[in-house]
DNA sequence: AAAAAACTGTTGCAAAAGCAACAAAAATCA
DNA sequence: TGATTTTTGTTGCTTTTGCAACAGTTTTTT
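Residue numbers (the working numbering), protein chains in the order written: chain A, 131 to 358; chain B, 131 to 358.
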């Protein structure tokens, strides 16, 4: 096919995997991890259930096997912020947070989900004796962490945009790139999208309307089309 | 001394190292890396010099040996945003960014600095044959990445605060914790602090004045004291 | 199938933040 | 040291964003 398509496909891969020339297969790694290491735990969660709270689980690391998990903060005014949104193969957990932030964070299953838990420390101590798989583990972990850094940097890109319009458009751009289409379905309700972009919902809706009126986007329910 | 002080000291360590019970010594690791691996490059930069641009260096990873590096974005309106601020032992580089973001990013030395460069791929291929040190490398890298994730999460915490006051106070809180004092020196000029918090400078100054008038903080040049 | 809950779309008004501009102070340069 | 550049502190005005409220949909629960 055309170079154009090839080029796009590469970008698409990069969003998840990034390094074309390393042959790290995340899915495969996680499968192996799940079956070959006796220090991990798999749990299932129904939509709405609390997966974990970020309290005194200093070395806990979680990997999303399937489903979607949100990391949520409620500040003292009751404002909800979606701090993070995790899908297949993403890592999260208190290990990634500094001790003693004043906030209470909750990881909530947005859909029915399956999550792998392990203790970061135990990997490097107890596990060593029991788990053959251990040798390649740290290597793969650093790939996983690297991916996580990339997605956090993306998030920061969004959040540093100076106004609501900038945030919305950056986010849409992102979705457009990762789906390879100018039309895509939002993975969030508008209520949650506002929380994710850290802006007021009504202000966001107003801005969306402006974007429609000015001909930048088309919107049908939660289906968005970029027109520029 | 009191439990209180002990408690604080632990927090302080956690900001940098996080895992009290793993004996990973970042400084030591980087020293070894520098001397024992022939795939790394060390360069010195004068204040204001460009360390690297994030263009087509897909696998480049950099570690700050000494000094301070800012990662800067200029958007099409000419707005400057400080996307990241890196100090001793921090990692940065295009490897941590998704391919094809529309932005041009620049890493600029804020002070005279020394930076270690390496190519992520080469570590896992060519280096293997030449470098004894390689065995422990990936393990250490994942620790380094983990620290980076923690500091990115902190950044996101700041940026998701809903107003300027929230951002300022969170940031000050952070400095206070990491210095163990209610009085501390800002590492930024106020101009740059505004860029870092992604807000307008004059609006930030106005908010600072309000915080002073309302008795929350004291300010003397770039020395801040928290009074609450 | 009815009732309850959550989400969408919208608005007027209030508050916060951004913009532009400028004088004074501080830092840097030559 | 004196000149130049950058930073600080401030303000009036404009724009953007947030808040509160409510009616109409849609989704979920019972």
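Glycine included, every Cβ here is placed at the ideal spot set by N, Cα and C.
Quick check: what's the CA-CA separation for residue i versus residue j?
i: residue 348 of chain A; j: residue 356 of chain A; result: 7 Å
i: residue 311 of chain B; j: residue 310 of chain A; result: 50 Å
i: residue 150 of chain B; j: residue 342 of chain A; result: Per-residue confidence for residue 150 of chain B stands at a pLDDT of 32, beneath the threshold of 50, marking its modelled position as unreliable; no derived number is given.
i: residue 302 of chain B; j: residue 287 of chain B; result: 13 Å
i: residue 159 of chain A; j: residue 189 of chain B; result: 21 Å
i: residue 354 of chain B; j: residue 237 of chain A; result: 35 Å
i: residue 285 of chain B; j: residue 187 of chain A; result: 21 Å
i: residue 318 of chain A; j: residue 267 of chain B; result: 39 Å
i: residue 215 of chain B; j: residue 172 of chain B; result: 19 Å
i: residue 316 of chain B; j: residue 202 of chain B; result: 19 Å
i: residue 185 of chain B; j: residue 306 of chain A; result: 22 Å
i: residue 323 of chain A; j: residue 337 of chain A; result: 13 Å
i: residue 249 of chain A; j: residue 328 of chain A; result: 31 Å
i: residue 166 of chain B; j: residue 339 of chain B; result: 52 Å
i: residue 177 of chain A; j: residue 251 of chain A; result: 30 Å
i: residue 204 of chain B; j: residue 228 of chain B; result: 17 Å
i: residue 161 of chain A; j: residue 170 of chain A; result: 12 Å
i: residue 350 of chain A; j: residue 308 of chain B; result: 48 Å
i: residue 245 of chain B; j: residue 352 of chain A; result: 46 Å
Might you give, ordered along the chain, the residues of its own chain that have their beta carbon closer than 6 Å to the beta carbon of residue i, omitting 5 neighbours on each side?
i: residue 320 of chain A; result: none
i: residue 152 of chain A; result: For residue 152 of chain A, the predicted structure reports a pLDDT of 45, less than 50, and the residue's modelled location is therefore unreliable. A value from the coordinates is still provided. Closer than 6 Å at the Cβ level, and outside the excluded window around residue 152 of chain A, lies no residue.
i: residue 156 of chain A; result: 219
i: residue 179 of chain B; result: 239
i: residue 200 of chain B; result: 212, 215, 238 and 240
Counting only Cβ pairs nearer than 7 Å, list the residues of chain B close to residue i.
i: residue 227 of chain A; result: 280 and 283
i: residue 183 of chain A; result: Going along chain B, no residue has its Cβ under 7 Å from residue 183 of chain A, so there is no contact; the nearest lies around 16 Å.
i: residue 268 of chain A; result: 268, 269 and 272
i: residue 209 of chain A; result: 292
Spatial neighbours of residue i within its chain, please: C-beta separation below 7 Å, excluding the five flanking residues on both sides.
i: residue 217 of chain A; result: 194 and 198
i: residue 335 of chain B; result: 320
i: residue 333 of chain B; result: 294
i: residue 344 of chain A; result: none
i: residue 331 of chain A; result: 320, 321 and 324
Under 9 Å between beta-carbons, which chain A residues line up against residue i? List them in chain order, please.
i: residue 240 of chain B; result: In chain order: nothing, as chain A lies at least about 18 Å away.
i: residue 328 of chain B; result: 289, 290, 291 and 292
Show which residues of chain B have a CB atom less than 9 Å away from the CB atom of residue i.
i: residue 286 of chain A; result: 213, 214, 282, 285, 286 and 289
Beta carbon of residue i, beta carbon of residue j: below 8 Å?
i: residue 314 of chain B; j: residue 272 of chain A; result: no
i: residue 283 of chain B; j: residue 247 of chain A; result: no
i: residue 212 of chain B; j: residue 235 of chain B; result: no
i: residue 196 of chain A; j: residue 243 of chain A; result: yes
i: residue 163 of chain A; j: residue 239 of chain A; result: no
i: residue 241 of chain B; j: residue 325 of chain B; result: no
i: residue 360 of chain A; j: residue 182 of chain A; result: As shown, chain A starts at 131 and ends at 358. That puts residue 360 of chain A outside it, with no answer to give.
I want to verify the contact list: residues of chain A whose CB lies under 7 Å from the CB of residue i, in sequence order.
i: residue 162 of chain B; result: None at all; the shortest Cβ gap to chain A is about 17 Å.
i: residue 275 of chain B; result: 272, 275, 276 and 279
So which residues on chain B does residue i lean against when the C-beta distance must stay under 8 Å?
i: residue 313 of chain A; result: Near residue 313 of chain A there are no residues of chain B at all, since even the closest Cβ is about 19 Å away, more than 8 Å.
Which residues in chain A have a C-beta closer than 8 Å to the C-beta of residue i? List them in chain order.
i: residue 271 of chain B; result: 272
Between residue i and the ligand FAD, is there a pair consisting of the residue's CB and a ligand heavy atom that are separated by less than 7 Å?
i: residue 296 of chain B; result: Inclusion of the ligand FAD in the displayed structure is not the case, the ligand content being empty and no account of it being possible.
Using a Cβ-Cβ cutoff of less than 8 Å, which residues in the same chain neighbour residue i once the five nearest sequence positions on both sides are dropped?
i: residue 304 of chain A; result: 284 and 288
i: residue 346 of chain B; result: 299, 356, 357 and 358
The region 290 to 308 of chain B / the region 290 to 304 of chain A touching (three or more Cβ pairs under 8 Å): no
Contact between the region 275 to 289 of chain A and the region 219 to 226 of chain A (3+ Cβ pairs under 8 Å): Here the region 275 to 289 of chain A makes contact with the region 219 to 226 of chain A; the two share three or more CB pairs at distances below 8 Å.
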